[in-house]
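Each residue of the sequence shown is one higher than the last, beginning at -7 in the numbering used here. Glycine is no exception: its CB is placed at the ideal position from the N, C-alpha and C atoms. Given the structure is predicted, the values throughout are model-derived calculations rather than measurements. A quick write-up on the structure given underneath.
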Amino acid sequence: IGGWRPALGEWGLLAALGTIGWLLAARHGRHPEPTMTPTMTTTTTDTPVPLPEPAGPMLRSRLAWAVTAFFGLQAMFAYAVMGWAPQVLMTGGVSRGEAGAMLAMMSVIGVPLSLLIAPVAARQRSQSGWLAGISAVGAIGVVGLLIAPNAAPWLWAVALGIGMGVFPIAVAIITLRTRTSADTRRLSTMSQGIGYLLAAVGPLLFGILRGATGSWTASLLVVLVGIGLQVVIGVFAGRPRYV
């Protein structure tokens, strides 16, 4: 449509429309939460049942840190891929337009994964295999970019998109590893607050390494190391336990 400025303005228009939608929805969403006694509740048979004791600070929980680390590493991987994959592909001989189309496909792949795989994984007793397996697929794409970016670029793009598709399961883990809504809020605050700060380092470090070495090798190797940690931590975070 005539350059990057009109394209960027188009995204700004979508954001404005989304803001209007939120403002309209917020007018009808203010309902007080039901109150309960702090120590017990009742079942349908009116039998008192003790409520779970309040959890200690999340910062002292190894499981909470595992969920946080996994969330941050998968977001770091996604941000680095979205920010730099087209440049890596173009350096390998892929045209600018094709590299942009590949990036779009990486993002689109996450839609069916969110709708199909995430609900299935959430219903399983353990999510370790899902977290580790999907993360490992992303490593295939990184290895492809590292060794032969122009050999099968669409295949590498598909693998990277699948690897980025672990995000909805990472979000589901926050609720699956907690027993109460209060713990879910605390774990969500910790995992997303610290996790996104960690994720923000990814694209910056990727670019710094590129500038310092003059090639993509060091940057891609760091991403591979991050995925390796992501797989190991995903196995731990996916086990059926609670913070």
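Rounded separation between Ile109 and Gly125 - CA only: 12 Å
Cβ contact (3+ pairs, closer than 8 Å) linking the region 84 to 98 and the region 210 to 226: no
Start and end residues, alpha helix (DSSP H) containing Pro49: No alpha helix (DSSP H) contains Pro49, which DSSP labels as neither H nor E.
Nearest-angstrom beta carbon gap, Val235 and Thr170 [assumed within contact, 8 Å]: 6 Å
Three-state secondary structure assigned by DSSP to Gly230: coil
Check whether Ile166 and Leu123 have beta carbons under 8 Å apart: no
Residue from Val214, Asp175 and Pro104 with nearest C-alpha to Ala131: Val214
Touching by the beta-carbon criterion (3+ pairs, under 8 Å), the region 60 to 67 and the region 185 to 195: yes
For Ile186, the first and last residue of its enclosing alpha helix (DSSP H): Ser173 to Thr205
Given 8 Å, three or more beta-carbon pairs between the region 140 to 155 and the region 190 to 199: no
C-beta atoms of Leu212 and Val129 nearer than 8 Å: no
Gly153, enclosing alpha helix (DSSP H) - first and last residue: Pro145 to Met156
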